[in-house]
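Student: A single structure is presented below for examination.
2 protein chains.
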Amino acid sequence: MSQYDYTTLTGKFESYLSSHQPYGSPDTLYEPIRYINELGGKRIRPVLLLMAYNLWHDDITPALPAALAVEYFHNFSLMHDDIMDEAPTRRGKQTVHTYFGRNNAILSGDAMLIRCFDLLLEAGKQKGAAVDLCSLMCKAALEICEGQQMDMDFESLASPTESEYLEMIRKKTACLLGTSLQMGAILAGADHQDAKALYDFGEKIGLGFQVQDDYLDVFGDANLTGKQKGGDILRGKKNFIYVHTCNTLSPQEQKEFVQSYINAASEQDADPVLELYVKQNVGSYIEKVQAAYVEKGLADLGDLQMEGTMPLKNLAISLMSRHY
Amino acid sequence: MSQYDYTTLTGKFESYLSSHQPYGSPDTLYEPIRYINELGGKRIRPVLLLMAYNLWHDDITPALPAALAVEYFHNFSLMHDDIMDEAPTRRGKQTVHTYFGRNNAILSGDAMLIRCFDLLLEAGKQKGAAVDLCSLMCKAALEICEGQQMDMDFESLASPTESEYLEMIRKKTACLLGTSLQMGAILAGADHQDAKALYDFGEKIGLGFQVQDDYLDVFGDANLTGKQKGGDILRGKKNFIYVHTCNTLSPQEQKEFVQSYINAASEQDADPVLELYVKQNVGSYIEKVQAAYVEKGLADLGDLQMEGTMPLKNLAISLMSRHY
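Here the protein sequences line up with chains A and B, keeping their order.
For the first sequence, the working numbering gives the first residue as 1, with consecutive numbering after it.
For the second sequence, the working numbering gives the first residue as 1001, with consecutive numbering after it.
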């Protein structure tokens, strides 16, 4: 068996994606889809799906339509989330609703979600796995909507608890990483127990991944992340760093902190928030949290008792230590 | 064989719908879904699906999840279309985005679309038809998005041609009526030829149905339709009556008519438009168009060579002569 690494699989996926861009009539529906597909990104979900499939098969070609399906789902959710969050840019470019208008972003997003199921049917038909793939997608997709709704509901709370926040990102982010791996395994003909072990691994890694995302938003290099530094602070968005910090403060300190967080409008306003984060030593807390997720994830991977899991292990570790 | 009529099937569907309202966490995601489900409506799509199934089976119970799926799809599309059209009311009540906010309407709509596929998987699994049902839904769903996009693109045209307009409503409305019937047949175990004949019947009836909708918008009794009389005129929305009238005028007359249509802001402004419609005798043109669709639809139904199609025939005729 030959196991492909992240770079090789990304390359294979990118060529498949560009040769399968959607065209149709009216083009006004399909152009925003091509636009978001071309924005790039890390392609983590499709690569995870391909890595899982690759544990059982050398030739990953039959898994490419399913890999495209999970990327379509992810991009659909970005398109709609960006409207809800009123985000002007993504990956250094205008978001779809900013560039094409809100209505087009709603409708092209809908079309991407539909196309996701269509691709899963195509992928699954050859392998008799269409129903299983679509069922897994439905389950994950509803959880992702629930996660996004929880995220929006948190806006009107002073602070959710750390475990409420983690449950939100489990649904909104981690679930799809786990499901991508699980789908790859099912498509490869794996038994449900092995597929579930991969799901569990992906869910842990997904939690650590999102915590790192939140960390990079606050402390990352804007030139590398392509995002505004401290963007979450300026938007008053409650991320993991905020939630953790809230939970370490006395009630009176918390009250003041929440006020200054909500009122932060300029980079100057963000400075005291950043200072408090440094004082509370959130960096080392984040590292501890991530190390625990990686450890648990690797234990799930161990349950597989399979060779060739090195690319997955490497990916898990690199996602936690990434700078963008 | 016993064939149920429209009223009986609506009753069966309504009980199923109310005992299958979705609950989950967070409730803020599911409440808008229950709200739109309870707004009522004619339930044409689920009833068509049940009528088709009923051609082969007395007991329509196994088709209820699929019937719910098409109603979910329809309500998802209403939820999103109402945002795009900025419609304040539907069926005499506030639209979802007006009542719950735009973001909730986007996200709950997404969840309804996902749940639609989940219900089709549930319905199809028992009958080994899950892949076929989901494939038909994907095809229809994409066409519906294309139709909605065409509708939006028409806003920036003086007037589409009558055949462009009909192609738009074929995609946006007629396709789902046809697909509902086709799904009912597939689920019943019908062969693909019979299922296709039912699709064709539904598509024709759907075209006539939408033409009647456009007619009622202009000439209907607002107390019966629950819509603002001449709402399309006041919103500058290009419906079938408008498109037909444009195409009967000389270039100069058309130019003046388009101007007065676009500028109509009050009921007084709408009066000259209405007068022109009456002068051009659009009522009798609509009748002619509908009669042709019904005739073609009934011919498709004849291709089935099955007994028990009376409820479908009755429905076709009543949809054309309806007042709301």
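In this text, a Cβ means the ideal position worked out from N, Cα and C, and glycines have one as well.
Does any residue of chain A bring its CB to less than 8 Å from the CB of N1103(B)?
Tutor: For the purposes of this step, residue 1103(B) is identified with residue 103 of the second sequence, where counting begins at 1. So yes, N1103(B) belongs to the interface.
Student: Grab me the residues of G1231(B)'s own chain with a C-beta within less than 8 Å of its C-beta, minus the 5 sequence neighbours each way, in chain order.
Tutor: Along the second sequence, read from residue 1 onward, the residue named residue 1231(B) stands at position 231. Taken in chain order, the residues that qualify are D1217, K1237.
Student: Taking 8 Å as the threshold (C-beta atoms), are K171(A) and G206(A) in contact?
Tutor: If you number the first sequence from 1, residue 206(A) lands on position 206. If you number the first sequence from 1, residue 171(A) lands on position 171. No.
Student: Using a Cβ-Cβ cut-off of 8 Å, state whether H80(A) counts as contacting chain B.
Tutor: Against the first sequence, residue 80(A) aligns to sequence position 80. Yes, its Cβ sits closer than 8 Å to a Cβ of chain B.
Student: Pull up the DSSP beta-bridge partners for R1102(B), would you.
Tutor: Reading the second sequence from its first residue, position 102 is the one you call residue 1102(B). In DSSP, R1102(B) forms no bridge with anything.
Student: With distance defined between alpha-carbon atoms, name the residue in E167(A), D5(A), A63(A), F73(A) nearest to I33(A).
Tutor: Here residue 33(A) corresponds to residue number 33 of the first sequence, with the count starting at 1. When each option's Cα is compared against that of I33(A), the closest is F73(A).
Student: Round the Cβ separation of N239(A) and T161(A) to the nearest angstrom and send it over; I've been treating them as touching at under 8 Å.
Tutor: Residue 239(A) sits at position 239 when you count from the first residue of the first sequence. Residue 161(A) sits at position 161 when you count from the first residue of the first sequence. In fact, because the Cβ distance is near 14 Å, the residues do not count as touching under 8 Å.
Student: Kindly list the residues whose CB is nearer than 8 Å to the CB of Q182(A), restricted to its own chain and excluding five residues on each side of it in sequence; keep chain order.
Tutor: Taking the first residue of the first sequence as 1, we reach residue 182(A) at position 182. Excluding residues within five positions, the ones whose Cβ falls inside 8 Å are A52, L136, A195, K196, L198, Y199, G202.
Student: In the structure shown, what three-state DSSP assignment does Q3(A) receive?
Tutor: Position 3 of the first sequence, counting from 1, holds the residue named residue 3(A). Reduced to three states, the DSSP call for Q3(A) is coil.
Student: Can you tell which of V1131(B), D1027(B), S1159(B), S1015(B) has its C-alpha closest to the C-alpha of Q1254(B)?
Tutor: Against the second sequence, residue 1254(B) aligns to sequence position 254. Ranking V1131(B), D1027(B), S1159(B), S1015(B) by Cα distance to Q1254(B) puts S1159(B) first.
Student: Determine the chain B residues that contact V131(A) at a beta-carbon separation under 7 Å, and present them in chain order.
Tutor: Residue numbering aside, residue 131(A) sits at position 131 when the first sequence is read from its first letter. Under the 7 Å cutoff, chain B gives L1121, K1125, A1130, V1131.
Student: Answer yes or no: does any C-beta atom of chain B fall closer than 8 Å to that of E146(A)?
Tutor: What you label residue 146(A) is simply residue 146 of the first sequence in a count that begins at 1. It does; some Cβ of chain B falls within 8 Å.
Student: State the Cα-Cα distance for the pair R1043(B) and L1078(B), rounded to the nearest angstrom.
Tutor: Position 43 of the second sequence holds residue 1043(B). Position 78 of the second sequence holds residue 1078(B). Their backbone Cα atoms lie some 13 Å apart in a straight line.
Student: Who does K93(A) pair with in a DSSP beta bridge?
Tutor: Translated into positions along the first sequence, residue 93(A) becomes position 93. In DSSP, K93(A) forms a bridge with R90(A).
Student: Buried or exposed for V1047(B), please, with buried defined as at least 16 other CB atoms from any protein chain shown within 10 angstroms of its CB.
Tutor: In the second sequence, the residue the question calls residue 1047(B) occupies position 47. Answer is buried; the Cβ neighbour count reaches 16.
Student: Could you pull out every residue in the same chain whose Cβ sits closer than 6 Å to the Cβ of H1323(B), ignoring the five residues on either side in sequence?
Tutor: The sequence position of residue 1323(B) within the second sequence is 323, counting from 1. Excluding sequence neighbours, H1323(B) sits near L1224.
Student: Answer with yes or no whether the minimum CB distance from G24(A) to chain B is below 8 Å.
Tutor: Taking the first residue of the first sequence as 1, we reach residue 24(A) at position 24. Yes, its Cβ sits closer than 8 Å to a Cβ of chain B.
Student: Can you pull out the residues from the stretch 20–47 of chain A whose beta carbon lies closer than 8 Å to at least one beta carbon of chain B?
Tutor: From the stretch 20–47 of chain A, only G24, S25, P26, T28, L29 have a Cβ closer than 8 Å to chain B.
Student: What residues of chain B sit near Q149(A), judged by a beta carbon separation below 7 Å?
Tutor: Residue numbering aside, residue 149(A) sits at position 149 when the first sequence is read from its first letter. Here the neighbours are P1026, T1028, L1029, L1107.
Student: Can you give, in chain order, each stretch of the alpha helix (DSSP H) that sits fully within the stretch 1144–1204 of chain B and has at least 4 residues?
Tutor: Entirely contained in the stretch 1144–1204 of chain B, the alpha helix (DSSP H) runs reaching 4 residues are, in chain order, 1162–1169, 1175–1187.
Student: Taking 8 Å as the CB-CB cut-off, is F1100(B) touching chain A?
Tutor: Translated into positions along the second sequence, residue 1100(B) becomes position 100. It does not; no Cβ of chain A falls within 8 Å.
Student: Hey, C1175(B) and A1140(B) are a contact pair by Cβ (cut 8 Å); roughly how many whole angstroms apart?
Tutor: Residue 1175(B) sits at position 175 when you count from the first residue of the second sequence. Residue 1140(B) sits at position 140 when you count from the first residue of the second sequence. Confirmed, about 5 Å.
Student: Which whole-angstrom value is the C-beta distance of L1133(B) and L1068(B), which I expect to be below 8 Å?
Tutor: The sequence position of residue 1133(B) within the second sequence is 133, counting from 1. The sequence position of residue 1068(B) within the second sequence is 68, counting from 1. The Cβ separation is near 12 Å, so there is no contact.
Student: Please name the residue, chosen from V289(A), I114(A), G302(A), that lies closest to F209(A) on a Cα-to-Cα basis.
Tutor: Counted from its first residue, the first sequence places residue 209(A) at position 209. Looking at the Cα atoms, V289(A) is the closest of the given residues.
Student: With the cut-off set at 8 Å, would you say S1108(B) and L1029(B) are in Cβ contact?
Tutor: In the second sequence, counting from the first residue as 1, residue 1108(B) sits at position 108. In the second sequence, counting from the first residue as 1, residue 1029(B) sits at position 29. Taking 8 Å as the Cβ cut-off, S1108(B) and L1029(B) qualify as a contacting pair.
Student: Check whether the Cβ atoms of Y277(A) and T245(A) lie closer than 8 Å to each other.
Tutor: As a working mapping, residue 277(A) is identified with position 277 in the first sequence. As a working mapping, residue 245(A) is identified with position 245 in the first sequence. It is a contact, given that the beta carbons lie within the stated cut-off.
Student: Would you call N103(A) buried or exposed, if buried means 16 or more other Cβ atoms sit within 10 Å of its Cβ?
Tutor: Indexing the first sequence from 1 puts residue 103(A) at position 103. Counting Cβ neighbours within 10 Å, N103(A) comes out buried, since at least 16 surround it.
Student: Determine the closest residue to F154(A) out of L142(A), E143(A), M168(A), with distance taken between C-alpha atoms.
Tutor: Within the first sequence, numbered from 1, the residue matching residue 154(A) stands at position 154. The residue with the shortest Cα to Cα distance from F154(A) is M168(A).
Student: Cα-Cα, which of A1111(B), F1013(B), N1054(B), N1037(B) is closest to L1312(B)?
Tutor: The count along the second sequence starts at 1 and reaches residue 1312(B) at position 312. Ranking the options by Cα distance to L1312(B), first place goes to N1054(B).
Student: Would V258(A) pass as a contact of A264(A) if the rule is Cβ separation under 8 Å?
Tutor: For the purposes of this step, residue 258(A) is identified with residue 258 of the first sequence, where counting begins at 1. For the purposes of this step, residue 264(A) is identified with residue 264 of the first sequence, where counting begins at 1. Taking 8 Å as the Cβ cut-off, V258(A) and A264(A) do not qualify as a contacting pair.
Student: Which residues in chain A sit within 7 Å of D1118(B), going by Cβ to Cβ distance?
Tutor: As a working note, residue 1118(B) is residue 118 in the second sequence. Under the 7 Å cutoff, chain A gives C138.
Student: Whole angstroms is fine: what's the gap from K1296(B)'s alpha carbon to A1185(B)'s?
Tutor: Mapped onto the second sequence, residue 1296(B) falls at position 296. Mapped onto the second sequence, residue 1185(B) falls at position 185. Rounded to the nearest angstrom, the two C-alpha atoms are 20 Å apart.
Student: Note down, in chain order, every chain A residue with its Cβ under 9 Å from the Cβ of I1083(B).
Tutor: If you number the second sequence from 1, residue 1083(B) lands on position 83. Those are R102, N103, I106, listed as they occur along chain A.
Student: So K127(A) packs on V1131(B), CB below 8 Å; how close in whole Å?
Tutor: Along the first sequence, read from residue 1 onward, the residue named residue 127(A) stands at position 127. Along the second sequence, read from residue 1 onward, the residue named residue 1131(B) stands at position 131. Not confirmed; about 12 Å, so no contact.
Student: Determine which residues of the stretch 150–172 of chain A have a Cβ less than 9 Å from any Cβ of chain B, and write them out in chain order.
Tutor: From the stretch 150–172 of chain A, only M150, M152, D153 have a Cβ closer than 9 Å to chain B.
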